[in-house]
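The sequence shown lines up with residues 4 to 179 when you count with our numbering.
The C-beta atom is built at its ideal place from N, Cα and C for all residues, glycine as well.
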Amino acid sequence: MLDEASKTELTDEIDRQWEYHLLTRAVFNSNFPKDLEYISPPFYEERGICIKVKILDAYSEVFKNSAGTVAVWLNQNYVIRLYGILDSKRLIKHGKENDIKIIELINIMRQNVGAHSTGRRASNKSDLNKATKLINELFGKKISIESIRSYTLSIDSVLEPMKDQVKAFISGLKAC
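See the structure below:
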């Protein structure tokens, strides 16, 4: 399917995109914009990123309109980028044809978290249920299917293990 150099190139690009994501999320973390001054949470410090942030103007319309959802937007962006990396080598097609669950999850999410929708709410309950079941299965979660209203994109419990499983999938592909 892929030679070793191509596999390394893909996993390196996934790591690079992950580092970009961590860097931006260290600033725009799940608590943003709760405090006007803060240091990035331990999750990011444990991964080598420690940033001090001081918000000078939290009252502008732009800030008030978008600050509360920027972290979700960044997580959605990571899913879309991960899909693009995989699709560049036709691994989405390969994963769908071979029932690879992590690829199925990424495919569902990519279609529903902003690439083909606003990403603000789940428009297809069936896809949301499938994605939630896959998250529970792949990442050992116990998210209630009945109560879920939007895609779970937590950086620590969904995106990071998703990235790791995608890299394992790529590494496990037969070399050509």
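Using a Cβ-Cβ cut-off of 7 Å (strictly less than) and excluding sequence neighbours within five positions of Gln-168, which residues of its own chain qualify?
-> Ile-105 and Leu-141
Cβ pair count under 8 Å reaching 3, the segment 66-75 against the segment 142-150 | no
Taking all protein chains shown into account, do 16 or more other C-beta atoms lie within 10 angstroms of the C-beta of Lys-177, making it buried, or fewer, making it exposed?
-> Lys-177 should be labelled exposed.
Within 8 Å, strictly: CB atoms of Ile-158 and Asn-78 | Cβ distance < 8 Å, so Ile-158 and Asn-78 count as in contact.
Identify the continuous beta strand (DSSP E) that holds Glu-40 and give its terminal residues.
-> 40-42
Candidates Arg-93, Asn-80, Ser-129 and Ser-160: which alpha carbon is nearest Leu-5's?
-> Selected option, being the one with the closest Cα: Arg-93.
Would you say Ala-70 and Ser-33 are within 8 Å of each other, going by their C-beta atoms?
-> no
Based on the DSSP output, what are the partners of Val-56 in its beta bridges?
-> Tyr-41
Distance between Asp-15 and Ile-151 (C-alpha atoms, nearest Å) = The straight-line gap from Cα to Cα measures roughly 33 Å.
Under 8 Å, do Lys-170 and Ile-17 count as touching if we go by C-beta distance?
-> yes
In the structure shown, what three-state DSSP assignment does Asp-6 receive?
-> coil
Ile-138 beta carbon less than 8 Å from that of Leu-13 | no
So, are the CB atoms of Leu-89 and Ile-95 less than 8 Å apart?
-> yes
Can you give me the Cβ contacts of Val-56 inside the same chain, cut-off strictly under 6 Å, excluding the 5 residues immediately before and after it?
-> Result list for Val-56: Val-30 and Tyr-41, in chain order.
Identify, in the order they occur along the chain, each residue of the same chain with its Cβ nearer than 6 Å to the Cβ of Thr-27, setting aside the five sequence neighbours on each side.
-> Leu-77
Distance, Cα to Cα, Pro-44 vs Lys-37?
-> About 13 Å.
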